[in-house]
Each structure stands twice: as structure tokens, then as C-alpha cells.
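J.: Going by our numbering, the letters in the sequence shown line up with residues 21 to 329, in that order.
A virtual CB, placed ideally from N, CA and C, is assigned to each residue, including glycine.
Quantities reported herein were computed from a predicted structural model and do not represent experimental measurements.
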Amino acid sequence: MAAAARRAPTAARAASISSSPLSFVKYQGLGNDFILVDNMASPTPLLTPEQAAALCDRHTGVGGDGVIFCLPAPAGGGADYSMRIYNSDGSEPEMCGNGIRCLARFARDAALVPPALETHAVVTGAGLIRPTLMEDGMVRVDMGPPILEAVRVPTALAPTRGGAAVQAPLEVAGATWLMTCVSMGNPHAVTFGTTAANGIDLDALDLAQIGPLFESHPAFPARTNTEFVHILSRSHVRMAVWERGAGATLACGTGACATVVAGVLEGRLDRAVRVDLPGGPLFIEWEGEGDDGTVFMTGAAERVFAGVA
Ligand code: ZDP
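What follows is the structure, given as C-alpha cells:
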């Protein structure tokens with residue numbers, strides 16, 4: 021499967037996005053928006069990373085935070101389909117939480133799976149992930165357990181607890197931030213701020229200025245998604261995200277999962293938490309009592325429009 025978020029070549033803003041007409045459907049989950057492509061006839065994405073980046077451009081393309089391809093599952097593995105995604109800069113992440121909710125809706129809407137199938141088994145760069153289409157239109161996803169071992173996140177920050185980097189200090193923009201590093205298949209660095217207090221004043225945070233300093237910090241060899249969190253209670257937080265390869269987005273599903281895992285590890289949060297993102301709420305539950313429980317994410321996913329590029 022895909023290598024971890026390969027750095028994309030500079031996206032060519034091509035006048036023509038592909039040589040032959042490409043049908044797509046636009047979906048969004050909490051304002052995290054994606055261009056979905058039925059790629060079931062081929063194991064290779066129908067677009068190059070450069071073409072995907074051009075489609076994602078909000079001025080000269082369709083507009084989106086990424087392009088998601090619904091590809092055939094490997095034969096004999098029992099999965100229903102595979103997911104690959106390119107970020108809006110053309111880099112390829114392993115997983116995408118909001119995206120997989122959109123993909124499950126797309127697979128049903130486009131009749132790529134039997135209509136009665138509620139839980140889909142999806143092959144991703146982070147292994148087999150299982151979204152369930154709920155009767156109320158929400159999608160609940162079994163995201164699997166988090167990866168906490170610092171070298172596997174990956175982060176070069178020195179582990180502070182077992183193999184994990186929990187409240188590990190990191191110098192950025194003249195301040196010492198306390199970072200907890202979690203992989204949900206893709207890398208996340210979660211911070212509740214520079215002290216043990218109740219998190220960050222998100223209204224005062226200059227995300228566009230500070231986000232890239234975390235994303236490309238040498239402490240994160242595969243770059244990182246960064247979550248900035250304000251605590252409202254042990255079961256309710258606000259979170260802002262700077263995404264690897266996509267910048268400030270309205271929501272990040274894997275980031276919301278990573279935030280709750282980090283909050284539990286730091287002793288700040290319970291294991292069932294509402295995460296308010298700029299685009300709306302996600303509901304996260306970390307099962308069990310130890311570090312190896314599965315994370316469940318529940319949230320919306322909606323079809324916006326279909327088109328041909
Ligand atoms: O890891 C990355 O490079 C992310 N930008 C991938 C996208 C994550 C996403 N926002 C999510 O919801 O998990 C789609």
C-alpha cells in the first residue's frame with residue numbers, strides 16, 4: 021500500500037485535469053470535503069497525484085481537501101473494497117477518518133456494495149477499517165487501536181512513558197509545547213498547550229502561522245498532522261487542526277481520535293468524548309481500559325453533488 025505521505029511534487033495547475041472524462045461525486049463530513057472516484061474497474065488510481073491536486077484547487081478545480089478512490093479489494097481477503105486518498109497537495113496519507121465515512125456512503129450510493137450491507141470491510145494503508153452506516157445517516161467507524169510507540173508514530177521525540185511520547189516538550193515559535201504523539205495509521209501530534217492547564221485559547225491561535233512549523237518540524241520524519249485542543253470538560257473538547265498536506269481543514273476524523281487518546285493518556289479526558297471541530301462534532305470512544313483498545317468514531321457524511329471533470 022501507499023508509502024507514508026510521500027512529499028508531493030509541486031502540483032501543476034493543469035488546464036485539463038485528465039485526458040478522458042472522469043465522473044466524480046463530491047462528499048463532505050463536517051466540512052472536510054472530498055472528491056470520490058469509482059475506481060472499481062482498475063487497481064490503479066485513475067488520477068495521478070498532480071491531477072488530484074489540480075482537482076482539489078478551490079479556484080481552478082472542483083475544490084476539496086483530497087481525492088478518494090474506491091478500488092477493488094485484494095482477491096480472497098474478504099474485504100469489500102479498498103481506499104486510497106491523495107491530500108490536496110498530492111501527497112498520499114495512510115488513512116483518513118472523515119474520508120472513510122464519506123467513502124462508505126459513496127460505496128452504498130453508487131451501488132458498489134450490496135445495498136443491505138451495513139458494515140463495510142475496507143482495506144486502507146492503516147489496515148482493515150470497518151465503517152457502519154447507521155439508520156440515522158451517521159457513520160460509525162471502527163478505527164482500530166492507536167499506535168503509541170514513538171518510533172512507529174513516527175516521531176523523533178524521546179519517549180516519556182514506556183515507548184510513548186506523552187507530554188513531550190517541543191520548542192516551536194519561542195514556546196515549549198507539550199506534545200502527545202499518536203498514530204491512527206497516520207501521524208498526529210496533539211497539544212493541550214504549553215502548560216498542564218486547561219488547553220489552548222483557540223480563538224487567539226494563529227493556525228496558519230504556527231501549523232506549518234509543527235508539520236515540517238524535524239521531530240516528525242513523515243511530517244505530522246497537529247491538533248490544538250481546548251478542554252471544556254472530561255467528556256467535551258474543542259479542537260483545531262493543521263493537517264499534513266492539506267493545512268487548516270474544518271475537521272479531521274483521525275485527529276479527533278488521536279486527541280481523545282492523547283487526553284486519556286494525559287489523564288485529562290474520559291474515554292467517551294465529544295470533539296467539537298470547526299465543521300461540527302464527532303463522537304469518539306476508546307474501548308477498554310488499557311492502551312490497546314479500539315477507537316470508535318461516529319459522525320456525519322453527506323453527498324454534495326456529482327460532476328464530470
Ligand atoms: O495524514 C494526513 O496526511 C492527513 N492530511 C490525511 C487526512 C486526514 C483526514 N482529515 C481525517 O479526517 O482523518 C481526512
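Are the beta-carbon atoms of MET259 and ALA276 separated by less than 8 Å?
T.: Contact: yes.
J.: Can you tell me whether DSSP reads ASP129 as helix, strand or coil?
T.: helix
J.: Can you grab the Cα-Cα spacing for the pair VAL45 / LEU270, in whole Å?
T.: Taking the straight line from one Cα to the other gives about 19 Å.
J.: With DSSP as the reference, label LEU123 as helix, strand or coil.
T.: helix
J.: Determine the extent of the beta strand (DSSP E) in which PHE89 is found, giving its start and end residues.
T.: 86-91
J.: Between VAL159, THR144, CYS116, which has its C-alpha nearest THR318's C-alpha?
T.: Looking at the Cα atoms, VAL159 is the closest of the given residues.
J.: Along the chain, where does the beta strand (DSSP E) containing PHE240 start, and where does it finish?
T.: Run containing PHE240: none; DSSP gives neither H nor E here.
J.: On the three-state DSSP scale, how would you describe CYS272?
T.: coil
J.: Relative to the ligand ZDP, is the shortest distance from any of its heavy atoms to the C-beta of ALA266 smaller than 7 Å?
T.: yes
J.: Can you determine whether any heavy atom of the ligand ZDP sits closer than 7 Å to the C-beta of PRO113, and answer yes or no?
T.: yes
J.: Would the beta-carbon of GLU322 be found less than 7 Å away from any heavy atom of the ligand ZDP?
T.: no
J.: DSSP three-state label for GLY96, please.
T.: coil
J.: Using 10 angstroms around the beta-carbon of GLN71, count the other beta-carbons present and answer buried if the total reaches 16, otherwise exposed.
T.: buried
J.: Does DSSP classify ILE220 as helix, strand or coil?
T.: coil
J.: Report buried or exposed for THR215, applying the criterion of at least 16 other Cβ atoms within 10 angstroms of its Cβ.
T.: exposed
J.: Short check: CB of VAL202 to CB of PRO166, under 8 Å?
T.: yes
J.: Give me whichever residues DSSP pairs with ASP162 in a beta bridge.
T.: ARG150, PHE316
J.: At a cut-off of 7 Å, is ALA235 close to the ligand ZDP when judged by its beta-carbon and the heavy atoms of the ligand?
T.: It is Glu, not Ala, that sits at residue 235 in the sequence shown. No - the ligand ZDP has no heavy atom lying nearer than 7 Å to the Cβ of GLU235.
J.: Please determine whether the Cβ atom of GLY145 lies at a distance below 7 Å from any heavy atom of the ligand ZDP.
T.: no
J.: Below 8 Å, how does it come out for the region 78-94 and the region 288-298: are there three or more Cβ pairs, yes or no?
T.: no
J.: Short check: CB of LEU132 to CB of MET199, under 8 Å?
T.: Contact: no.
J.: Hey, how far is the Cα of GLY273 from the Cα of SER39?
T.: 33 Å
J.: Would GLN229 be called buried (16 or more neighbouring beta carbons within 10 Å of its own) or exposed?
T.: exposed
J.: Does MET154 pass the burial test, meaning 16 or more other C-beta atoms within 10 Å, or should it be called exposed?
T.: Counting other Cβ atoms within 10 Å of its Cβ, MET154 stays below 16 and is therefore classed as exposed.
J.: If you measure from the CB of CYS122, is any heavy atom of the ligand ZDP nearer than 7 Å?
T.: no
J.: Could you tell me whether the region 120-136 touches the region 46-54, where touching means 3 or more Cβ pairs closer than 8 Å?
T.: yes
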